[in-house]
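Read left to right, the sequence shown gives residues 4 to 371 (our numbering).
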Amino acid sequence: MAADPLRWVRRDIRGIVPYQAKVFPQGIKLDANENPFPWPAVFTERLGREAFTDAFNRYPDGAATGLRQALSGYTGREPAEILVSNGSDEAIQLFLLTFGGPGLATVVANPTFVMYAMATRYLGGKVIDVPLLEVEGVFHLDVAGILAAAAREETRLIVICNPNNPTGNCFPEEDILAVVNGTDKPVVVDEAYYEFSGQTLAPRLAELPNLLIMRTFSKAFGLAGLRVGYTLGAPELIREINKVRQPFNVNAFSQGAARLALAEAPAFQAQVRQVLAGRERLWPELHRFAWQVYPTDANFIFLRPRAADLAAGVRLAGAIFQGLLDQGIMVRRLGDALRITIGRPVENERLLAALAVLQETQNGGWSV
Ligand SMILES: Cc1ncc(COP(=O)(O)O)c(C=O)c1O
C-alpha cells in the first residue's frame with residue numbers, strides 16, 4: 004500500500020494558509036513595523052562586552068529570572084506578574100494552550116493582528132469576529148458586540164490590540180475597561196506598540212484580575228530578530244500559563260540582549276522620538292495623495308485609496324503596492340488598504356518621492 008501520511012494531517016490544518024513573513028534585504032522595508040534604525044552604538048558595545056559572558060554551553064534560565072527582574076523595574080509590576088516568551092507570537096499560543104482548545108472560541112475585533120485567529124485555529128478553536136466600527140474615519144471597538152460574544156458559552160479569550168494593528172489607533176481606555184470589567188473571561192490587551200503610544204493599562208493590573216497585557220521587544224526595542232516578548236498579569240494566571248511554556252523558550256543570548264536593551268532604554272527612546280518625528284512628517288504629506296489617512300498612535304500609518312467601490316479600491320491598493328515595490332519599497336497591503344511603517348528619515352523621503360512618481364504615472368488613478 005502506498006503511504007500517504009498527508010491524510011493523517013488534521014483536516015482543519017490542511018485548510019490553513021500559512022503566515023508568510025517577507026524578507027527584503029535589498030530594499031526599503033516598511034511592511035513589518037520594526038524599528039528602522041540600527042541598534043544604538045552604546046547598546047551594541049555593551050552587548051559585545053557583556054552578553055557573551057553567559058555560558059552558552061548550558062541551557063538558559065528557563066524562568067528568565069534576570070530579565071523578569073529588569074522588566075519589573077521597567078513595567079512597575081512584580082516579577083511574579085511577568086512571563087517571558089519567544090516573541091509575543093509565542094505568548095498568544097500560550098494563552099490558547101491555557102484557555103482554548105477544539106471548539107472553544109476567541110473573540111477578536113477585525114481588522115486586527117492575524118495571529119490571534121491563526122493560533123486559535125491551530126488548536127481547532129473558532130474565531131468570533133466582532134468587526135471594528137468605522138465612524139467618521141476613526142475605528143472604534145463595538146463594546147456591546149464584544150461583550151455579547153464574550154458571554155457565549157464557547158468563548159474562552161477576548162483579544163484587543165491597542166494600538167491596533169493595522170489601523171494604528173488606540174481605543175479609549177473606558178471602552179477597553181468596559182470589556183475587561185464586563186466579563187470574567189480573560190481579556191488580552193496587546194500593547195506591542197506601547198512605547199510609541201505611551202498608553203497602557205499596566206498600572207491598573209491589580210484591580211483587573213482577568214486582564215493580560217502582552218508586549219514585545221520587537222518594535223521600539225529593535226530586537227525583532229531575537230524574539231523576546233512578555234506578558235503582564237495576575238500572579239495566579241501567570242502561574243497557570245507558565246505551565247504550558249516550553250522549559251527553555253527564550254534563548255540565553257536573547258534574554259541577555261533584552262536585559263541590556265532595558266538598561267539602555269534611553270537610547271531606544273531617542274529612536275522612538277525620531278520615529279514619531281517621522282510620523283509627524285509623513286502623516287500630513289500622505290493626504291496629498293488623496294487617500295484616507297487614519298489617525299495613528301503607533302509607528303505605522305493605515306490608509307485607504309479613495310475608490311468608487313471595494314473592487315476598485317482593491318485594484319488601486321494592489322497597483323500602489325506593486326508600484327512601490329518596483330521602486331524598491333515594500334509596504335503591507337490589506338485588501339483595499341495599505342499599512343506603511345515609519346522608516347528612517349531618508350526612507351520616508353524615498354517613500355514620498357516614489358508615491359509622487361506613481362501618482363503621475365497612474366494618470367490620476369488615486370481618486371478614482
Ligand atoms: C500587534 C502585534 N502583536 C504581536 C506581534 C508579534 O510580535 P513578536 O515579534 O513579539 O512576536 C506583532 C508583530 O507584528 C504585532 O503587530
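Note that CB positions come from ideal geometry on N, CA and C, so glycine has one too.
Next item on the list: For G232, verify whether its CB is less than 7 Å away from any heavy atom of ligand 1.
Entry: yes
Margin query: Just verifying my parser: in three-state terms, what is the DSSP assignment at E137?
Written below: strand
Checklist line | Buried or exposed (CB count within 10 angstroms, at least 16 for buried), F303 | finding: F303 counts as buried, since at least 16 other C-beta atoms from the protein chains shown sit within 10 angstroms of its C-beta.
Notebook entry, point to check: Assuming I95 and A122 make a contact with CB atoms under 8 Å, what is their CB distance in whole Å?
Noted result: 5 Å
Checklist line | For R207 and F98, the rounded distance between their alpha carbons | finding: 20 Å
Next item on the list: Taking only the alpha-carbon atoms, compute the straight-line gap between V371 and F324 and give it to the nearest angstrom.
Entry: Because V371 carries a pLDDT of 34, less than 50, the predicted location of this residue cannot be relied on, and no value is offered for it.
Check: Do N113 and ligand 1 come close, with the Cβ less than 7 Å from some heavy atom?
Finding: Placement of the Cβ of N113 at a distance of 7 Å or more from every heavy atom of ligand 1 is found.
Notebook entry, point to check: So is the beta-carbon of F174 under 7 Å away from any non-hydrogen atom of ligand 1?
Noted result: no
Margin query: For K222 and V334, what's the separation of their Cα atoms in angstroms?
Written below: 16 Å
Notebook entry, point to check: So is the beta-carbon of T203 under 7 Å away from any non-hydrogen atom of ligand 1?
Noted result: no
Check: What is the residue span of the beta strand (DSSP E) that S1 lies within?
Finding: Examination of residue 1 is not possible in this model, given that the chain is present from 4 through 371 alone.
Check: So W294 is in the beta strand (DSSP E); what residue range does that whole segment cover?
Finding: W294 to V296
Notebook entry, point to check: Run through DSSP, which three-state label would V110 get?
Noted result: strand
Notebook entry, point to check: Do you know offhand how far V360's Cα is from P28's?
Noted result: Taking the straight line from one Cα to the other gives about 23 Å.
Next item on the list: Specify the secondary structure class of T219 as computed by DSSP and reduced to three states.
Entry: In the structure shown, T219 sits in a strand (DSSP, three-state: E or B).
Item checked: Rounded straight-line distance, which links the Cα of M118 to that of G236 -> 20 Å
Margin query: Which of the three DSSP states is assigned to W11 in this structure?
Written below: helix
Checklist line | T6 - DSSP class collapsed to helix/strand/coil | finding: Here the sequence assigns Ala to residue 6, which means Thr is not the residue at that position. If DSSP states are grouped into helix, strand and coil, A6 belongs with coil.
Check: Quick one: any contact between the segment 302-319 and the segment 273-287, if contact means 3 or more CB pairs under 8 Å?
Finding: yes
Next item on the list: If I'm right that L135 touches H143 with Cβ under 8 Å, what's the distance once you round it to whole angstroms?
Entry: 6 Å
Check: Does ligand 1 have even one heavy atom less than 7 Å from the beta-carbon of T219?
Finding: yes
Check: Among the residues of its own chain, which have a CB less than 7 Å from the CB of I19, if the five just before and after it don't count?
Finding: R124
Next item on the list: Please go through the same chain and pick out, in chain order, the residues whose beta-carbon is closer than 8 Å to the beta-carbon of W286, but skip the five residues on each side of it.
Entry: For W286, where only same-chain residues beyond five positions count, the Cβ hits under 8 Å are V296, T299 and I304.
Notebook entry, point to check: Quick one: what's H143 bridged to in DSSP?
Noted result: L136
Checklist line | C-beta atoms of A54 and F251 nearer than 8 Å | finding: no
Notebook entry, point to check: What three-state label does DSSP hand Y62 in the structure shown?
Noted result: coil
Next item on the list: Would you mind reading off the limits of the alpha helix (DSSP H) that contains F224?
Entry: From DSSP, F224 is part of no alpha helix (DSSP H); its letter is neither H nor E.
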